[in-house]
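From first to last, the protein sequence lines stand for chains A and B. The letter at position 249 of the first sequence is residue 1285 when you use the working numbering, and the numbering goes up by one with no holes. The letter at position 133 of the second sequence is residue 1126 when you use the working numbering, and the numbering goes up by one with no holes. Here a beta-carbon is modelled for each residue, glycine too, at the ideal position from N, C-alpha and C. Please read all numbers here as calculations on a predicted model, not as lab measurements. What follows is a short report on a single structure.
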Amino acid sequence: MSGTTVERTRVTLHNAVVRFAGDSGDGMQLTGDRFTAESALAGNDLATLPDYPAEIRAPAGTLAGVSSFQLHFSDQDVHTPGDQPDVLVAMNPAALKKHLKDLKPGGTLIVNSDAFTDRNLQKAGYEGNPLEGDVLTDLQVHEVPLTSLTLRALEEPIASGGIGKKDAERSKNMFALGLVSWMFSRSIDATEAWLRAKFGARQALADANVAALKAGWYYGETTEAFVFTYEVPAARLAPGRYRNITGNQAIAYGLVAASVRAGLPLFYGSYPITPASDILHELAKLKHFGVATFQAEDEIAAIGSTIGAAFGGALAVTASSGPGIALKTEAMGLAMMTELPVVIIDVQRGGPSTGLPTKTEQSDLFQAVLGRNGEAPIPVIAASSPGDAFDAALEAARIALTYRTPVVLLSDGYLANSAEPWRLPDVDDLPDLADAFTFATEPNGPDGTFLPYLRDPETLARPWALPGTPGLQHRIGGLEKEPDTGSISYDGDNHHAMTVLRHERLARIGRALPPLEVDDPSGSADVLVVGWGSTEGPLRAACTELRERGRAVARVHLRHLAPLHPDLDDLVRRYRVVVCPENNMGQLSMLLRARTLVDVQPYNRVSGQPFSSAELVAAIESFAGSTA
Amino acid sequence: MTEATSGLTKKDFTSDREVRWCPGCGDYAILSTVQSLLAEVGARPETTVFVSGIGCSSRFPYYMDTYGFHSIHGRAPAVATGLAIARPDLDVWVITGDGDGLSIGGNHLVHALRRNVNLKVLLFNNEIYGLTKGQYSPTSPIGSVHKSTPMGSIDRPLNPVSLALGAEATFVARSIDADRAHLSEVLTAAYAHRGAAFVEIYQNCVVFNDDAFIAVTGKEERVVNQIRLRHGEPIVFGPGGERAVVAQGDGSLAIVPTGEAGDRVIVHDAHLPEPTTAFALSRLAPSPTGPTPIGVFRSVAAPVYDDLLREQVETARARTPADLGALLASGNVWDVTD
């Protein structure tokens, strides 16, 4: 870009938080995604927080229809999407009303002044025009007529009929992106290429969006309103090749990696549900890896088909969110009883019932660990960041294949949709899952008989004998079984013994794990923070800040929720205070208390948003008390 | 195929488990017919899988020396669909009943049929919940008095064949437990069908609903009431063929004396692309209390879901190499150096 006309000061920042907010039809998610991609290419570490309404198109201009996307980017490690935005882009009054309270004091506010009409103000519940009063006086406010500037930039194609006025207006999000990209000294080349690829043959639309993008950039450059531009230098990430990845994408890739590394075809049966559907969309594009995706008629058929595919020898996976997992419950018990390797992914959302479909929560832990009829011990693991979801998917597959058991993998709405830079693993370094299992080929019992429930003495796994194997014909089902033969047994003592055995099989998964890693740089902490799942980023950031303030805190983040790691018993007893923050009402706290009899302190919030690190710093301090 | 060519006999399909249905249950006859039939058609025990749900009929897999999966209530078509997708080399049979397949599992049955998954679905209809000791089922006629309907059922029953045809199942048939020859013929045709084959089998529950199908199974009644469907033949029935099925102006079918029917007699065509006439045939007897068609209502060739799914996978494989490293590095990537 050239032609600078105004004298400007470029300020170098360590980090910045930008939030785009607008109507759900304004394309804020896409705008945020593109700014994320630009920041990643600039070498920043980053974390994102998309937030959108459950309704696909809530009434335009209302508070209910506001969609937002927040990005935190930095020249250092980023663990959270940021607490307070430095820059807020509000595309209409409703977006301003909803998000203004979060903007940092003295922060930068860019509003689309064209949208501040009486009607829109009324829809947002404003009595007067906030741009005219003194509400915004301590902010750096930029009133930009985004809509009319975009239309003016596209005057020519509109006049020539190359593009409709409505489509032209719709590209105002690209104007906003151009302007913010200029503010943060970001190149828009990648976005231009992306737009051209996205619109493909629809040349006029591509041209219009690119023109709007550039107009936004030039507007920043030429108008005198913006006297500062900012630069956030590249972060010092570990050397390697990086890409941005969301949790749902990472799970899909992790499952494909597990399939490749196990040498088994991937079968994925699922029913559409927010926020898990993107995993289905990703996998449906990956058929060239031998992936069979089956969109079932309901959640029960999704897991039913998955169990059938596992019986047939596939790496079989189903996914849903809380309400769908509730429907799968009986079938999860069947998978446990028939001892087939099945991965069940729960991308948790606000519950119960339909709850908050597009918001994040960690409240399905009990459902995953305990939510079945009878004694049905099933291993449960959790992903802790978008990139970590890749490793978590591989770990779920490893446990399922090694122990011939269903495994629950917990993700959540925040991990599913938010992105972070992810260092690409070397494919050859990924776990070799082909070692985890063998298919039975020969009779294993006396006189050439086959015993489908004769167990591996170490893992207690039963043989995986596929239909099609001569001589190994056998029948399985949900009824209680005798040892070895797997024949139906209604004997009470046998049922007790089999139940104990299934618990033992779960316990052995825990005993075979590597030692639990505790993050305690000083080694002198008397406070332990225990977390699981997507709270990892905020907890890590909070503990780092506490340490910088001179308080030693230890932190442990659990991958395995069932069984709990055997090291936990001793670990939690070593600290004066144990704090367990969760986005639920204290589910892991209760499991830890029950297991260890230690008075674990819960800190809980279920507002649909991840914790901020500032909130966790305050919470941990209040539990820790004044004696460091 | 015959026993001589397959080299296998009924015994090769019979497991060592003691059969535990009530004495006199119609399930025994079906089991015996299926065990013999598999040997006759040249099936292999190791590539045959029986998947069932819950109910008396769903014990069936335990008695077959094949692979078997006794799943949960109503879900057998779902489990079987996953297996059929994963394994094109298997013969997958679903054993279900009127409660399992039409009530708790009605959704799965409809979708397996309309998708045309390569499954053979045998629905044992006894118009009763037997395993739970005698409640009325979705096929029990209005007014039937059972444990949960002391004043008579007020539910309108489903006709399983009508339902299957409504779902546009590509093979739909009906037979009778104790009629070994007819059942064998129908199941042989079902076995040969590529795609979803649905067979309703009238199955007598001696304990809770004895003689529910007497109108079509009784020694004297069956001669009068069985309408035996044979592809390419006029639909006439009765001891001397004295009754015939004719079309009416409103699209339905009616039974008239053959003498009055003339050339209006319907010639059965199981291969009609539209299921409309087959459906009208099924409506001749909403419940089997009078003249009732048995045999193959519909048998048409159509694309099979699991074949199409595997074809897409193969097309994708041929088009794009499965390079995991390339997948992970797709999209915008950047390098960070020391």
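Using DSSP with H/G/I as helix, E/B as strand and the rest coil, what is Ile1220/B?
strand
Can the beta-carbon of Arg1056/B be found closer than 8 Å to that of Arg1010/B?
Here residue 1056/B is Tyr; the residue named in the question, Arg, does not match the sequence. Yes, they are a contact pair.
Identify whether Phe1152/A lies in helix, strand or coil by the three-state DSSP scheme.
coil
If I measure Cβ to Cβ from Val1292/A and keep anything under 8 Å in the same chain, skipping five residues before and after, which residues do I get?
Leu1302, Leu1319, Leu1322, Phe1325 and Val1327
CA-to-CA distance, Cys1015/B to Asn1409/A, given in whole angstroms
29 Å
By the DSSP assignment, the alpha helix (DSSP H) with Phe1071/A in it spans what residues?
Met1064 to Leu1077
Would Arg1440/A count as contacting chain B if we go by Cβ distances under 8 Å?
no
At a cut of 8 Å, does the region 1416-1435 of chain A reach the region 1338-1346 of chain A through at least three beta carbon pairs?
no
When Gly1188/B, Gly1046/B and Thr1142/B are compared against Arg1108/B, the one with the closest alpha-carbon
Gly1188/B
May I ask you to list, following chain order, the residues of the region 1496-1515 of chain A that have a beta carbon less than 9 Å from some beta carbon of chain B?
Ala1501, Leu1502, Pro1503, Gly1504, Thr1505, Pro1506, Gly1507, Leu1508, Gln1509, His1510, Arg1511, Ile1512, Gly1513, Gly1514 and Leu1515
Reduced DSSP category for Pro1266/B - H, G, I as helix; E, B as strand; rest coil:
coil
Which residue from Val1027/B, Asp1300/B and Asp1058/B puts its Cα closest to that of Arg1080/B?
Asp1300/B
Kindly list, in the order they appear in chain A, the residues whose Cβ is closer than 9 Å to that of Asp1020/B.
The contacting residues do not exist; Asp1020/B stays about 16 Å from chain A at best.
Ser1064/B CB to nearest chain A CB: under 8 Å?
yes
For Trp1014/B, name the three-state secondary structure that DSSP assigns.
coil
When the Cβ atoms of the region 1304-1315 of chain A are set against those of the region 1452-1465 of chain A, are three or more pairs found closer than 8 Å?
yes
For a contact defined as C-beta to C-beta under 8 Å, what are the partners of Val1296/A on chain B?
Ala1315 and Leu1317
Under a three-way DSSP split, which group does Asn1202/B fall into?
strand
Taking just the CA atoms, how far does Glu1335/A sit from Thr1354/A?
9 Å
Asn1480/A: which of Tyr1611/A, Ile1524/A, Thr1186/A and Arg1491/A sits nearest, CA to CA?
Arg1491/A
From this set, Ala1212/A, Leu1249/A and Asp1081/A, which residue's C-alpha is nearest Val1268/A's C-alpha?
Asp1081/A
Verify whether the separation of the beta carbon atoms of Ala1171/B and Thr1210/B is less than 8 Å.
yes
Neighbourhood of Ala1090/A by C-beta, 6 Å cutoff - its chain only, sequence neighbours within 5 removed
Pro1393 and Thr1394
Counting only Cβ-Cβ distances shorter than 9 Å, please list the residues of the region 1251-1279 of chain A near chain B, keeping chain order.
Ala1270, Ala1271, Arg1272, Leu1273, Ala1274, Pro1275, Gly1276, Arg1277, Tyr1278 and Arg1279
Answer yes or no: the CB of Val1297/B versus the heavy atoms of the ligand FMN, is any distance below 7 Å?
As presented, the structure is devoid of all ligands, the ligand FMN included, so that no description of it is given.
Exposed or buried, what is Lys1133/A when buried is set at 16 or more other beta-carbons lying within 10 Å of its beta-carbon?
buried
Can you give me the Cβ contacts of Gly1006/B inside the same chain, cut-off strictly under 7 Å, excluding the 5 residues immediately before and after it?
Reading off the sequence, residue 1006/B comes out as Phe, not Gly. Closer than 7 Å at the Cβ level, and outside the excluded window around Phe1006/B, lie Gln1028, Leu1031, Ala1032, Pro1038, Met1057, Asp1058 and Thr1059.
Counting beta carbon pairs with one atom in the region 1194-1208 of chain A and one in the region 1235-1246 of chain A, are three or more of them shorter than 8 Å?
yes
May I have the straight-line CA-CA distance separating Ala1205/B from Ser1280/B, to the nearest angstrom?
10 Å
If you scan the region 1414-1465 of chain A from start to end, which runs of the alpha helix (DSSP H) of 4 or more residues do you find wholly inside it?
1424-1439 and 1449-1453
Buried versus exposed, by CB contacts within 10 Å (16 or more), Glu1260/A:
exposed
Mind checking if Tyr1184/B is an interface residue toward chain C, Cβ cutoff 8 Å exclusive?
This model lacks chain C altogether; the protein chains it does include are A and B.
On the criterion of 16 or more Cβ atoms from any shown chain inside 10 Å, does Asp1024/A qualify as buried, or is it exposed?
The requested residue 1024/A is not part of the displayed model; chain A covers only 1037 to 1664.
So who's on the other strand from Phe1105/A, going by DSSP bridges?
Phe1056/A and Pro1086/A
Could one say the Cβ of Asp1328/B lies closer than 8 Å to chain A's Cβ atoms, at least one of them?
yes
Assign His1510/A to one of two classes, buried (16 or more other C-beta atoms within 10 Å of its C-beta) or exposed (fewer than that).
buried
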